[in-house]
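2 is the number of the first residue of the sequence shown in the working numbering; add one for each residue after it. Backbone N, C-alpha and C fix where the C-beta goes; we use that ideal spot for every residue, glycine too.
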Amino acid sequence: MVKRTVTAILLIALLVGLLAASYLLDCHIFIDLFIWVLLAIAAREMYFCLQEAGYKVFRVPLIAYMLTAYPVFYLMEHFIGKGPLGLCISFGFSVLIALILFTFADPERNTSKDLFATVFVLVYPLAMISLAWILTFRYVALYSVLFAVFLPVGADTFAYWFGSMIGGKKLCPSISPKKTVAGFVGGIIGGMAVSVLFFLFFEYFNVLSNCGYVPFTDAAWKSALIYLALGFIGSLAGQLGDLAASRLKRSLGIKDFGKIFPGHGGVMDRFDSIITGVFVLLVAFTIIYGA
């Protein structure tokens, strides 16, 4: 428990430091590089986990995406405002490489399962983590990254507290034996509580008035309702992402995706719920702000 806590504190300190540097220097490169490092480590973890499970994942498409995704995204976002299209182009290019490799590969060594495994890694985690670049470029990085991280972290923390104190019926014993219904409800409460705190800090009291944050609506009560909805949906998505990762690990016969974070496992073990949280916030902000 001590090891998990210390690791979590160090990760939060690193993230806050990167965000502070990006904010003070008005430069995206620190947080963008951090996202790219997470993306590369997550891809490596998933590659070796699938390899150990018997899948022969093609490495070249994964490397192609990691090398081209950010440059193509940045150039298209900077010059024509079409960054998401850039990610789609890089993804499609990488899938095309996978298809070419599969087509001309030895049929005795590579099967359609290997192709599907390769495309799976391109989607999860590569494409999913890449959405964070859209979030930080289109919306205030300081606000959006903190919200995307602390919403699922708050849900996870409350889920742990409620599950430990109340116990009771298991949620999905075949997937994650320790998770309970009480913990699931606590996770929703935690996500909504974090969401309310963000509403109070960034919108109601407008503590960081010069960070570039734009209120959701022109009425505080409307924004508060939106924040509550975001907390509810975001906590659900985060817990679903956590369960999906647990199900994947069980199907692969592993305990953790990696060992880079003492007490937490790998990037995919620590960021599984955050990945889905990024997706939820990106969709929500696109609807709210209309861009």
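Cβ neighbours of residue 74 in the same chain (closer than 6 Å, five flanking residues each side left out): In the sequence shown, counting from the first residue as 1, residue 74 sits at position 73. By the criterion of a C-beta distance shorter than 6 Å, residue 74 is surrounded in its chain by 84, 87, 88, 134, once the five residues flanking it on both sides are discounted.
C-beta atoms of residue 136 and residue 283 nearer than 8 Å: For the purposes of this step, residue 136 is taken as the residue at position 135 of the sequence shown. For the purposes of this step, residue 283 is taken as the residue at position 282 of the sequence shown. Result yes, Cβ atoms of residue 136 and residue 283 sit closer than 8 Å.
Rounded Cβ spacing between residue 272 and residue 39 (contact assumed at less than 8 Å): Here residue 272 refers to the residue found at position 271 when the sequence shown is read from its first residue. Here residue 39 refers to the residue found at position 38 when the sequence shown is read from its first residue. About 7 Å separates the two Cβ atoms, so the contact holds.
Reference residue 248; option with closest CA among 131, 236, 233, 269: Within the sequence shown, numbered from 1, the residue matching residue 248 stands at position 247. When only C-alpha atoms are compared, the closest one is 269.
Residue 280 in three-state terms, based on DSSP: Along the sequence shown, read from residue 1 onward, the residue named residue 280 stands at position 279. Residue state for residue 280 is assigned as helix, using DSSP reduced to three classes.
DSSP-derived helix/strand/coil call for residue 83: One-based indexing of the sequence shown puts residue 83 at position 82. Residue state for residue 83 is assigned as coil, using DSSP reduced to three classes.
Pairwise C-alpha distance: residue 80 and residue 125: Reading the sequence shown from its first residue, position 124 is the one you call residue 125. Reading the sequence shown from its first residue, position 79 is the one you call residue 80. Rounded to the nearest angstrom, the gap between the Cα atoms of residue 125 and residue 80 is 28 Å.
Cut-off 7 Å between Cβ atoms - residues of its own chain near residue 56, not counting five sequence neighbours on either side: Start at 1 with the first residue of the sequence shown, and residue 56 comes out as number 55. A distance below 7 Å between beta-carbons, with the five flanking residues on each side excluded, links residue 56 to the following residues of its chain, in chain order: 114, 115, 118.
According to DSSP, residues forming a beta bridge with residue 266: The residue you call residue 266 lines up with position 265 of the sequence shown. In the DSSP output, where bridge partners are listed per residue, residue 266 has 262.
Contacts around residue 19, its chain only, beta-carbon distance under 6 Å, and the 5 residues preceding and following it disregarded: In the sequence shown, counting from the first residue as 1, residue 19 sits at position 18. So the list reads 31, 32, 35, once near-sequence residues are dropped.
Local Cβ density within 10 Å of residue 99, reported as buried at 16 or more and exposed below that: Taking the first residue of the sequence shown as 1, we reach residue 99 at position 98. It counts as buried.
Span separating the alpha-carbon of residue 160 from that of residue 108: As a first step, residue 160 is located in the sequence shown; it is residue number 159 there, counting from the start. As a first step, residue 108 is located in the sequence shown; it is residue number 107 there, counting from the start. Approximately 47 Å, taken between the alpha carbons.
Range of the contiguous alpha helix (DSSP H) that encloses residue 158: For this step, residue 158 is matched to residue 157 along the sequence shown. Per DSSP, residue 158 belongs to the alpha helix (DSSP H) from 142 to 167.
Between the CA atoms of residue 41 and residue 210 - distance to the nearest angstrom: Here the question's residue 210 lines up with position 209 in the sequence shown. Here the question's residue 41 lines up with position 40 in the sequence shown. Cα-Cα distance, rounded: 35 Å.
Where the beta strand (DSSP E) through residue 173 begins and ends: Within the sequence shown, numbered from 1, the residue matching residue 173 stands at position 172. Counted as a single uninterrupted DSSP element, the beta strand (DSSP E) harbouring residue 173 occupies residues 171 to 173.
Counted within 10 angstroms of its Cβ, other Cβ atoms place residue 181 as buried (16 or more) or exposed: Your numbering for residue 181 matches position 180 in the sequence shown. Counting of Cβ neighbours within 10 angstroms places residue 181 among the buried residues, the total reaching 16 or more.
Own chain partners of residue 202 with C-beta closer than 7 Å, once the 5 adjacent residues on each side are dropped: By 1-based counting over the sequence shown, the position of residue 202 is 201. Excluding positions up to five away in sequence, the list reads 208.
Through-space distance from residue 168 to residue 184, alpha-carbon basis: Taking the first residue of the sequence shown as 1, we reach residue 184 at position 183. Taking the first residue of the sequence shown as 1, we reach residue 168 at position 167. Distance between the alpha carbons of residue 184 and residue 168 is about 8 Å.
Residue from 178, 166, 233 whose Cα sits closest to the Cα of residue 197: Here residue 197 refers to the residue found at position 196 of the sequence shown. Among 178, 166, 233, the Cα nearest to that of residue 197 is on 233.
Range covered by the beta strand (DSSP E) that runs through residue 177: For the purposes of this step, residue 177 is identified with residue 176 of the sequence shown, where counting begins at 1. It spans 177 to 181 - the beta strand (DSSP E) in which residue 177 sits, taken as one unbroken run.
Own chain residues within Cβ distance below 8 Å of residue 176, not counting five before or after: Residue mapping note: residue 176 aligns to position 175 of the sequence shown, counting from 1. Result list for residue 176: 244, 247, 248, 251, in chain order.
Coil, strand or helix - residue 108 by DSSP: Working through the sequence shown from its first residue, we reach residue 108 at position 107. DSSP places residue 108 in coil when its eight states are reduced to three.
Assumed close pair residue 123, residue 95 - CB separation to whole angstroms, cut-off 8 Å: The residue given as residue 123 occupies position 122 in the sequence shown. The residue given as residue 95 occupies position 94 in the sequence shown. Sure, about 6 Å apart at Cβ, within 8 Å.
Sequence-distant residues of the same chain with beta carbon closer than 8 Å to residue 223, five excluded per side: By one-based count along the sequence shown, residue 223 stands at place 222. Around residue 223: 217.
Cβ-Cβ distance between residue 132 and residue 286 below 8 Å: For the purposes of this step, residue 132 is taken as residue 131 along the sequence shown, with counting starting at 1. For the purposes of this step, residue 286 is taken as residue 285 along the sequence shown, with counting starting at 1. Cβ atoms of residue 132 and residue 286: not closer than 8 Å.
Check whether residue 240 and residue 188 have beta carbons under 8 Å apart: Indexing the sequence shown from 1 puts residue 240 at position 239. Indexing the sequence shown from 1 puts residue 188 at position 187. Contact check for residue 240 against residue 188 passes: the beta carbons are separated by less than 8 Å.
Beta-carbon spacing of residue 54, residue 254 below 8 Å: Taking the sequence shown and counting its residues from 1, one reaches residue 54 at position 53. Taking the sequence shown and counting its residues from 1, one reaches residue 254 at position 253. For residue 54 and residue 254, yes; Cβs fall inside 8 Å.
Beta-carbon contacts of residue 171 that lie in its chain and below 8 Å, excluding the five residues immediately before and after: If you number the sequence shown from 1, residue 171 lands on position 170. In its chain, beyond the 5 residues on either side, 178, 180, 181, 182 have a beta carbon closer than 8 Å to the beta carbon of residue 171.
Selection from 231, 102, 69, 147 that minimises the alpha carbon distance to residue 13: As a working mapping, residue 13 is identified with position 12 in the sequence shown. It is 147.
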